[in-house]
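Colleague: Per numbering that gives the first Met the number 0, residue 0 is the first one in the sequence shown, and the count goes up by one each step.
Using N, Cα and C, we set each Cβ at its ideal position, and we do this for glycine too.
Note that the structure is predicted; figures quoted are calculated from it, not measured.
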Amino acid sequence: MTAQLSAIRNLLIDMDGVIYRGKMALPGAVDLFHFLQEHEMGYLLVTNNATRSPRQVADQLTSMGLDVPESRILTSATASAAYLATIAPAGAKVNVVGERGLVEAIEQRGFMLAGRDAEYVVAGLDKTITYEKLLTASLAIRDGATFIGTNPDKTYPMENDIAPGAGSILAAIEAATDVQPIVVGKPEPLVIEQSLQMLGAKAEETAMLGDRLETDILGGYRAGIATILVLTGISTAEEAAVYPAPPDWIFDDLPAMLRAWREALGER
Ligand SMILES: [Mg+2]
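(1) Looking at G148 and L169, is the spacing between their C-beta atoms short of 8 Å?
(2) Does the Cβ-Cβ distance between T74 and P88 come in under 8 Å?
(3) With DSSP run on the structure shown, which of helix, strand or coil describes P88?
(4) In chain order, what residues of the same chain have a beta carbon less than 6 Å from the beta carbon of W248, not counting five sequence neighbours either side?
(5) Please write down, chain order preserved, every residue whose beta carbon lies under 6 Å from a heavy atom of ligand 1.
(6) Just the Cα atoms here: how many angstroms apart are L112 and Y155?
(7) Just the C-alpha distance for M0 and P243, rounded to the nearest angstrom, thanks.
(8) Is I216 helix, strand or coil by DSSP?
(9) Which term fits D277, buried or exposed, when burial requires 16 or more other beta carbons within 10 angstroms of its beta carbon?
(10) Specify the secondary structure class of V17 as computed by DSSP and reduced to three states.
(11) State the beta-bridge partners of T46 as determined by DSSP.
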């Protein structure tokens, strides 16, 4: 893709490693939101985390000094519920393997929570997973329920450790049923396509901004939008240089990106 920064009118933004790290906003995060407002650009925060609701995410951002309305936050839970609404009739029975963020998203779309008799199983990270939950989901799928996964992340980073993520739970259900889930979160294009729809954005005027090649950058690449990697999180410049779906732009951090962007717009 030979996109110009000046042509980008909409930005899909990953959170962890991009606008914050741990409990701290990263340098340039506050300026990023000013920049987007100042230029009347569309944006969404797109996260694979399905355990928290958009409200909880917005509250967390506020505690870091980042004011982002709930309506600008798309979690893989709300994206999965929105996807389900495109394939399932209203009031369909759904078995949920997941936490509050996912349960709320499914209920808010008017679906009925169900057990083995569910017509759809939506699974994501569940830190209170039990054999009973795996059994119910697996039996529903064996009975013909459609299997949807919030996000494919096999692990996620904790302070000093690597913990099993949603992908590990999906793998357990897949092993028990021989059915592969339809996955909604990055790097699957479903969540990106949904973001474009929510923003009323054209693909050629939209970029995905993230810190991880195999989710953010690959997701944007697959959905046919421009991609921007910042080096404040997981992936390095060396990894990006040999990645088969290379980002269109790589910046050390948000301040470097904003400087280049303003320059591209002829502002400095
Ligand atoms: Mg990230």
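Modeller: To lay it out plainly:
(1) yes
(2) no
(3) coil
(4) I227
(5) The answer, residue by residue, is D13, D15, G16, V17, G209, D210, R211, G232.
(6) 27 Å
(7) At M0 the pLDDT is 49, less than 50, meaning the model places this residue with poor confidence and gives no usable figure here.
(8) It is helical.
(9) Because residue 277 is not part of the residues shown, which for the chain are 0 to 267, the question remains open.
(10) coil
(11) T46 is bridged to T74.
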